[in-house]
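All remarks here apply to the structure that follows.
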Amino acid sequence: MTKQLYEAIFDENNIKWRSLIYEMVRSGKIDPWDIDLTHFTKEYMNMIHKLKELNFRVSGKVVLAAAILLKLKTNGLRLNEFLSMTEEEPDYAIDVEEDEEQFMDEDEQKLVKLAKHIEHNKKKEYKLEPNIYGERTRKVTVFELVGALKKALEVDERRKTREIEQVEAPKLMQYKVKMVDIVEKMIEVFERLSNHLLKHRRNRVHFSKIVPSEEKKDRIWTFVPLLHLANDGKVFLHQDKPFGDLFVEVKT
Amino acid sequence: MRELKSKLEAILFCSPQGVELAKLAKLCGIGAKGHVKAVLNSIKEDLEKREAGIKLIRNENVWRFRVRDEHVGLVTESAKPEIDKAILQTLAFIAHKGSARQSDVVKLRSNKAYDHIKQLVDLGFVEAKKKGTTKLIAPTKKFYKYFNLNENEVLEVEGA
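If you read the sequences in order, they're chains H and U.
So for the first sequence, the numbering used here puts the first residue at 18; every next one is plus one.
So for the second sequence, the numbering used here puts the first residue at 1329; every next one is plus one.
Structure below.
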């Protein structure tokens, strides 16, 4: 079973691996405490050595899988009872940013609280025992069901607003773009080029000679049509080295 | 019988998720499942007779202790709800719609809804019927009974 779990985690294309972990634990096919995380890490290292190129997707999956397994392991401890010891104690120095804490789920907040407690009471001896009683569950009330519906509808409302914003966003970003007819520009540059070559009775000319002015705009609107003309096979462009002189030749 | 009763109570006390009849029989070393079932029914009756704070319930073949409905309010802090928050939201949305296409549920509740629906079907709170390329998800009788709602009553949020 553990092998099947490893295969699902290390397989880049397996997207159901997370459900598989929960399903296997829920159905009792695996006990999280039977999974050796050290062995799991070694398996991962072996796989990394075999990889020929970096694949962050796999490493991200493995870190998340290890965290999930560790969390499932902690569920098997009497964490809630253990935490009750910390209830009446002063708030210890905060190691975790407050902003960070609001993004934690309930279990993570419990673990941070516990870590602070242990950090503050280093000399105290702790005895962790497996939770043989399991976690007590109770019936869900209809009020909780209505509360859950309220929450689900709020999420739906937020999603709809987000979708509307996404549709409207491009409108807000619209601005006028000056349209340029590239064919017209190509004819203009080709005529300028032909006239220059005829005048000087040459077949080849330096790019700078056919640019109307030194302005950046003029250089761009000479160069871009030339690229199109070269693409159409009307002219040849020669440049011996990168950023070197550019020569234009009319194809005869 | 008294010894078997005591053993069954101990096992069920330590297994909040419940234990199957066959497993209970095996753990107690009893071959006849019918005898174990009779003792379980006797425990159930005892608890009902003396109006105990807990009751023994059976869901298909799984037996477990549960806090009496009228005391649930007392244990909201000490006991976890038996349906996970995210799954409960998915269930609430289905109940609000009366019946909903799986694709609509997924659109609202993300891809995780596939797993939620599977668990809700396993728990018997919803049923999934094939409809074209998707499934039609609807609450079951068990759902209405569990939440003490009238059958086919549509769940609403006050003021919404």
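We treat Cβ as the ideally placed atom computed from N, Cα and C, and that holds for glycine.
Would you mind working out which of the options sits nearest residue i, comparing C-alpha positions?
{"i": "W34/H", "options": "H1363/U, K1440/U, Q1417/U, L1332/U", "result": "K1440/U"}
{"i": "G1426/U", "options": "F1453/U, D1443/U, D1397/U", "result": "F1453/U"}
{"i": "N92/H", "options": "T58/H, K127/H, S76/H, V80/H", "result": "K127/H"}
{"i": "G1460/U", "options": "Q1430/U, E1405/U, K1470/U", "result": "Q1430/U"}
{"i": "W238/H", "options": "Y39/H, D198/H, K258/H", "result": "D198/H"}
{"i": "S1334/U", "options": "K1372/U, G1401/U, E1398/U", "result": "K1372/U"}
{"i": "K78/H", "options": "W50/H, I32/H, L89/H", "result": "I32/H"}
{"i": "W50/H", "options": "S76/H, K90/H, T58/H, K193/H", "result": "K90/H"}
{"i": "N1389/U", "options": "N1369/U, E1398/U, Y1442/U, T1418/U", "result": "N1369/U"}
{"i": "S44/H", "options": "Q1447/U, E1455/U, K1457/U", "result": "Q1447/U"}
{"i": "N1480/U", "options": "K1365/U, F1393/U, H1424/U, V1403/U", "result": "H1424/U"}
{"i": "I47/H", "options": "L86/H, R236/H, K156/H", "result": "L86/H"}
{"i": "L1419/U", "options": "L1352/U, L1340/U, T1462/U, L1483/U", "result": "L1483/U"}
{"i": "E1410/U", "options": "L37/H, V163/H, K156/H, K20/H", "result": "K156/H"}
{"i": "D28/H", "options": "V42/H, E60/H, L54/H, H56/H", "result": "E60/H"}
{"i": "F1341/U", "options": "G1362/U, H1363/U, R1394/U", "result": "R1394/U"}
{"i": "E1337/U", "options": "K1365/U, E1405/U, T1404/U", "result": "K1365/U"}
{"i": "A330/H", "options": "E182/H, F57/H, E231/H", "result": "Outside the displayed range of chain H (18 to 269) lies residue 330/H, so it cannot be described from this structure."}
{"i": "L1402/U", "options": "A1414/U, K1413/U, G1381/U", "result": "G1381/U"}
{"i": "T55/H", "options": "S36/H, V80/H, Y39/H, L37/H", "result": "V80/H"}
{"i": "S1438/U", "options": "T158/H, T154/H, A169/H, V163/H", "result": "A169/H"}
{"i": "A165/H", "options": "R1396/U, K1413/U, V1449/U", "result": "K1413/U"}
{"i": "I1407/U", "options": "R1396/U, I1415/U, Q1417/U", "result": "Before going on, a small fix: residue 1407/U reads as Ala here, not Ile. A1407/U has its Cα closest to that of R1396/U, out of R1396/U, I1415/U, Q1417/U."}
{"i": "I227/H", "options": "E161/H, D257/H, L263/H, P259/H", "result": "L263/H"}
{"i": "E1331/U", "options": "I1358/U, E1405/U, R1392/U", "result": "I1358/U"}
{"i": "V1350/U", "options": "W1391/U, E1376/U, I1422/U", "result": "It is worth fixing the name first, because residue 1350/U is Ala in this sequence and not Val. Among W1391/U, E1376/U, I1422/U, the Cα nearest to that of A1350/U is on W1391/U."}
{"i": "K177/H", "options": "L1436/U, C1356/U, N1476/U", "result": "L1436/U"}
{"i": "K167/H", "options": "T1404/U, V1367/U, C1356/U, L1416/U", "result": "L1416/U"}
{"i": "K268/H", "options": "L131/H, L210/H, D53/H", "result": "L210/H"}
{"i": "N212/H", "options": "I181/H, I135/H, E266/H", "result": "E266/H"}
{"i": "N30/H", "options": "F240/H, L22/H, V75/H, L131/H", "result": "V75/H"}
{"i": "T1462/U", "options": "L1477/U, D1432/U, H1444/U, I1339/U", "result": "D1432/U"}
{"i": "E1379/U", "options": "T1404/U, A1360/U, V1434/U, H1399/U", "result": "H1399/U"}
{"i": "D4/H", "options": "S36/H, E174/H, K20/H", "result": "Absent from the model: residue 4/H. The displayed extent of chain H is 18 to 269, so no value can be given."}
Using DSSP's beta-bridge definition, name the partner residues of residue i.
{"i": "P49/H", "result": "P49/H is not bridged to any residue."}
{"i": "F264/H", "result": "H223/H, H255/H"}
{"i": "K20/H", "result": "Bridge partners of K20/H: none, in fact."}
{"i": "A1428/U", "result": "I1465/U"}
{"i": "A1420/U", "result": "Its beta-bridge partners do not exist; DSSP assigns none."}
{"i": "K1408/U", "result": "T154/H"}
{"i": "E1455/U", "result": "A1466/U"}
Please list the partners that residue i has in chain B, where partner means a Cβ-to-Cβ separation under 9 Å.
{"i": "K1361/U", "result": "Among the protein chains of the structure shown, namely H and U, there is no chain B."}
Using a Cβ-based criterion (distance less than 7 Å to any ligand heavy atom), does residue i qualify as near the ligand SAM?
{"i": "Q126/H", "result": "Among the ligands in the structure shown, none appear at all, so the ligand SAM cannot be discussed."}
Quiz item: Which full runs of the beta strand (DSSP E) of 3+ residues lie inside the segment 202 to 252 of chain H, going along the chain?
Solution: The segment 202 to 252 of chain H contains these whole beta strand (DSSP E) runs: 221 to 223.
Quiz item: If you scan the segment 1348 to 1405 of chain U from start to end, which runs of the alpha helix (DSSP H) of 4 or more residues do you find wholly inside it?
Solution: If we require 4 residues or more, the alpha helix (DSSP H) runs fully inside the segment 1348 to 1405 of chain U come out as 1349 to 1355, 1361 to 1377.
Quiz prompt | the segment 1336 to 1354 of chain U contacting the segment 1385 to 1397 of chain U, beta-carbon criterion three pairs below 8 Å | solution = Because the criterion of three Cβ pairs below 8 Å is met, the segment 1336 to 1354 of chain U and the segment 1385 to 1397 of chain U touch.
Practice problem: Report the residues of the segment 1420 to 1441 of chain U with a CB closer than 8 Å to any CB of chain H, ordered along the chain. | Solution: Closer than 8 Å at the C-beta level to chain H, one finds these residues of the segment 1420 to 1441 of chain U: A1420, F1421, A1423, H1424, L1436, R1437.
Practice problem: Count the C-beta pairs between the segment 235 to 250 of chain H and the segment 203 to 211 of chain H that are closer than 8 Å, then say yes if the count reaches three, no if not. | Solution: Result yes; three or more Cβ-Cβ pairs closer than 8 Å.
Quiz item: Within the chosen definition, does the segment 53 to 72 of chain H reach the segment 1460 to 1475 of chain U through at least 3 CB pairs nearer than 8 Å?
Solution: Counting Cβ pairs under 8 Å, fewer than three are found: no touch.
Practice problem: Return the residues of the segment 160 to 179 of chain H that lie within a Cβ-Cβ distance of less than 8 Å from chain U, sorted by chain order. | Solution: Hits within the stretch, in order: E161, L162, V163, A165, L166, K167, K168, A169, L170, V172, D173, R176.
Quiz prompt | Near-chain U residues of the segment 20 to 36 of chain H - C-beta to any C-beta below 7 Å | solution = Hits within the stretch, in order: S36.
Quiz item: Which residues, in chain order, does the segment 1403 to 1417 of chain U contribute to contact with chain H at a C-beta distance below 8 Å?
Solution: Within the segment 1403 to 1417 of chain U, the residues whose Cβ lies closer than 8 Å to any Cβ of chain H are, in chain order, V1403, T1404, S1406, A1407, K1408, P1409, E1410, I1411, K1413, L1416, Q1417.
Practice problem: Would you check if the segment 253 to 267 of chain H and the segment 210 to 222 of chain H touch, i.e. whether three or more CB-CB distances between them fall below 8 Å? | Solution: Cβ pair count under 8 Å is three or more, so yes.
Quiz item: For the segment 1473 to 1485 of chain U, which residues have a CB atom closer than 9 Å to at least one CB atom of chain H, in sequence order?
Solution: Cβ contacts with chain H come from Y1474, F1475, N1476, L1477, L1483, E1484, V1485.
Quiz item: What are the residues of the segment 39 to 71 of chain H that lie near chain U, defined by any Cβ-Cβ distance shorter than 9 Å?
Solution: Those residues of the segment 39 to 71 of chain H that come within reach of chain U (Cβ to Cβ, closer than 9 Å) are Y39, E40, R43.
Quiz item: Using a Cβ cut-off of 9 Å, which residues of the segment 1363 to 1385 of chain U contact any Cβ in chain H, in chain order?
Solution: From the segment 1363 to 1385 of chain U, no residue has a Cβ closer than 9 Å to chain H.
Practice problem: Note down, in chain order, all residues in the segment 1386 to 1400 of chain U with a beta-carbon under 7 Å from any beta-carbon belonging to chain H. | Solution: Listed by position, the residues of the segment 1386 to 1400 of chain U near chain H (Cβ gap below 7 Å) are R1394, V1395, D1397, V1400.
Exercise. Mind checking the segment 83 to 94 of chain H against chain U and listing, in chain order, the residues whose C-beta falls within less than 9 Å of any C-beta there?
Key: Here the close residues number zero.
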